[in-house]
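A.B. asks: In our numbering, the protein residues as written are 14 to 289. Idealized CB from N, CA, C, for every residue including glycine. From a predicted model like this one, the values you see are computed outputs, not experimental measurements.
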Amino acid sequence: MRFFRRLGGASAFLIHVLWTASQIHRSAAIPDKGATLGAYLKLKSKHFLTKLFPGLRFKRETLFGYPVVFFDYFTLVCIFETVFVYRDYCFQPATNRPFILDCGSNIGLSVLYFKRQFPESRVIAFEPDPDTFAALEKNAAGQGWRDVELHNCAVYARTGEVEFHYDPEQPGAVRNSVDGDTGPAVRRVPAVALSEFIREEVDFLKLDVEGAEMAVLEEVARSGKLRNIRAMAVEYHHHMVPTEDRFSELLRLLEDNGYGYVLHDTPERPFARGQF
Numbered sequence: 014m015r016f017f018r019r020l021g022g023a024s025a026f027l028i029h030v031l032w033t034a035s036q037i038h039r040s041a042a043i044p045d046k047g048a049t050l051g052a053y054l055k056l057k058s059k060h061f062l063t064k065l066f067p068g069l070r071f072k073r074e075t076l077f078g079y080p081v082v083f084f085d086y087f088t089l090v091c092i093f094e095t096v097f098v099y100r101d102y103c104f105q106p107a108t109n110r111p112f113i114l115d116c117g118s119n120i121g122l123s124v125l126y127f128k129r130q131f132p133e134s135r136v137i138a139f140e141p142d143p144d145t146f147a148a149l150e151k152n153a154a155g156q157g158w159r160d161v162e163l164h165n166c167a168v169y170a171r172t173g174e175v176e177f178h179y180d181p182e183q184p185g186a187v188r189n190s191v192d193g194d195t196g197p198a199v200r201r202v203p204a205v206a207l208s209e210f211i212r213e214e215v216d217f218l219k220l221d222v223e224g225a226e227m228a229v230l231e232e233v234a235r236s237g238k239l240r241n242i243r244a245m246a247v248e249y250h251h252h253m254v255p256t257e258d259r260f261s262e263l264l265r266l267l268e269d270n271g272y273g274y275v276l277h278d279t280p281e282r283p284f285a286r287g288q289f
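#1: Taking residue 244 and residue 217 to be in contact with their CB atoms under 8 angstroms, please state how far apart those CB atoms are, rounded to whole angstroms.
#2: Between the alpha carbons of residue 204 and residue 35, how many angstroms are there, rounded?
#3: Whose C-beta lies closer than 8 angstroms to the C-beta of residue 240 among residues of the same chain, with five residues either side of it excluded?
#4: Checking the sheet assignment: what are the DSSP bridge partners for residue 173?
#5: Count the C-beta pairs between the region 168–175 and the region 144–158 that are closer than 8 angstroms, then say yes if the count reaches three, no if not.
#6: Can you list, in chain order, the residues of its chain with a C-beta nearer than 7 angstroms to that of residue 166? Leave out the 5 residues immediately preceding and following it.
#7: Check whether the region 83–93 touches the region 116–132, counting contact only when three or more Cβ pairs, one atom from each stretch, lie closer than 8 angstroms.
#8: Pull up the distance between the alpha-carbon of residue 42 and that of residue 70, whole angstroms please.
#9: Alpha carbons only, please: which of 77, 225 and 230 is nearest the one belonging to residue 254?
#10: Mind reading off the beta-carbon distance from residue 84 to residue 185? Whole number of angstroms is fine, and I expect it under 8 angstroms.
#11: Going by DSSP, name the residue or residues bridged to residue 80.
#12: Which runs of the beta strand (DSSP E), 3 residues or longer, sit entirely within the region 56–144?
#13: Give every residue of the same chain whose Cβ lies closer than 6 angstroms to the Cβ of residue 134, excluding the five residues on either side of it in the sequence, and list them in chain order.
#14: When you compare each of 227, 237 and 242 to residue 261 by their alpha carbons, which one comes out closest?
#15: Starting from the C-beta of residue 263, find all residues in its chain whose C-beta is less than 8 angstroms away, skip the five residues before and the five after it, and write them out in chain order.
#16: Is the beta carbon of residue 52 less than 8 angstroms from the beta carbon of residue 76?
#17: On the criterion of 16 or more Cβ atoms from any shown chain inside 10 Å, does residue 131 qualify as buried, or is it exposed?
#18: Do residue 48 and the ligand ZN come close, with the Cβ less than 7 angstroms from some heavy atom?
#19: Going by alpha carbons, who is nearest to residue 79 out of 129, 64, 87 and 169?
Here it is as structure tokens:
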């Protein structure tokens with residue numbers, strides 16, 4: 014009976030997959046959409062099998078012809094969807110050799126996206142978690158990226174060291190953070206001020222630093238270098254500290270430095286107090 018209940022839930026899962034696949038197929042904005050569609054269907058098919066058989070674990074994967082080191086298959090699928098299907102980091106550079114800062118690279122799927130989109134791009138990638146950074150290094154070596162510089166450190170308001178909250182039982186988790194109590198364990202990791210890496214115009218900034226985004230952008234603004242960034246994608250984490258409400262400050266900071274913005278989120282409805 015439990016198996017058939019899983020089958021019932023899987024039907025909604027399959028409907029969503031087929032709908033998303035049709036959107037990929039129809040999209041004129043996704044380059045090489047045949048390869049993207051094939052990778053998406055492969056990942057979701059394996060994910061579907063793990064729903065039917067919870068004990069099933071996949072340990073290896075290949076994307077676009079390259080081996081990918083990862084920790085958790087569900088997390089791999091979620092990151093792939095964000096990066097390659099929903100294309101959260103899509104931008105139009107003014108040059109075929111854009112300079113990109115990738116803050117919060119995790120295992121490197123975002124770097125893979127940038128290098129597939131812009132093979133001549135220069136990317137500086139930051140990942141604070143030592144275990145995740147080891148996977149990032151392996152993926153970089155296995156995929157032969159050129160002009161990619163990797164840093165095992167957090168991007169923060171200052172250079173030095175910061176406390177990094179993580180869960181030893183979930184290596185590579187996307188919620189590991191230097192800002193907010195997001196895991197049962199804490200280790201100190203190196204930190205850098207992002208402004209130190211802005212020595213020229215930045216074509217694109219990807220900022221996914223699990224709650225530290227306000228501190229990072231304020232530091233760059235104080236340095237006078239925020240306007241050197243042509244475009245950015247910022248994942249804002251609301252209420253990492255439950256008593257803090259600073260989203261309007263972030264928007265004001267962007268407006269004061271000449272940026273417009275597009276907001277996107279999928280909150281539950283109706284809105285509850287304390288919810289974004």
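C.D. replies: So, from the listed chains and residues:
#1: Residue mapping note: residue 244 aligns to position 231 of the sequence shown, counting from 1. Residue mapping note: residue 217 aligns to position 204 of the sequence shown, counting from 1. About 5 angstroms separates the two Cβ atoms, so the contact holds.
#2: The residue given as residue 204 occupies position 191 in the sequence shown. The residue given as residue 35 occupies position 22 in the sequence shown. Distance between the alpha carbons of residue 204 and residue 35 is about 42 angstroms.
#3: Position 227 of the sequence shown holds residue 240. Closer than 8 angstroms at the Cβ level, and outside the excluded window around residue 240, lie 270 and 271.
#4: What you label residue 173 is simply residue 160 of the sequence shown in a count that begins at 1. Beta-bridge pairing links residue 173 to 204.
#5: no
#6: Locating residue 166 in the sequence shown gives position 153, where the first residue counts as 1. So the list reads 139, 141, 202, 203, 204 and 205, once near-sequence residues are dropped.
#7: yes
#8: In the sequence shown, counting from the first residue as 1, residue 42 sits at position 29. In the sequence shown, counting from the first residue as 1, residue 70 sits at position 57. Approximately 33 angstroms, taken between the alpha carbons.
#9: The count along the sequence shown starts at 1 and reaches residue 254 at position 241. It is 225.
#10: The sequence position of residue 84 within the sequence shown is 71, counting from 1. The sequence position of residue 185 within the sequence shown is 172, counting from 1. Their Cβ separation, rounded to whole angstroms, is 3 angstroms, which keeps residue 84 and residue 185 in contact under 8 angstroms.
#11: As a working note, residue 80 is residue 67 in the sequence shown. Beta-bridge pairing links residue 80 to 75.
#12: 74–76, 79–81, 112–116 and 135–139
#13: Working through the sequence shown from its first residue, we reach residue 134 at position 121. So the list reads 111, 113 and 127, once near-sequence residues are dropped.
#14: Position 248 of the sequence shown, counted from the first residue, corresponds to residue 261. Of 227, 237 and 242, the residue nearest in Cα terms is 227.
#15: As a working mapping, residue 263 is identified with position 250 in the sequence shown. Cβ within range, chain order: 226, 227, 230, 247 and 249.
#16: Position 39 of the sequence shown, counted from the first residue, corresponds to residue 52. Position 63 of the sequence shown, counted from the first residue, corresponds to residue 76. Contact flag set, yes.
#17: Your numbering for residue 131 matches position 118 in the sequence shown. With 16 or more Cβ atoms within 10 Å of its Cβ, residue 131 is classed as buried.
#18: Among the ligands in the structure shown, none appear at all, so the ligand ZN cannot be discussed.
#19: Here residue 79 is taken as the residue at index 66 of the sequence shown, counted from 1. Checked all of 129, 64, 87 and 169; the closest Cα to residue 79 is 129.
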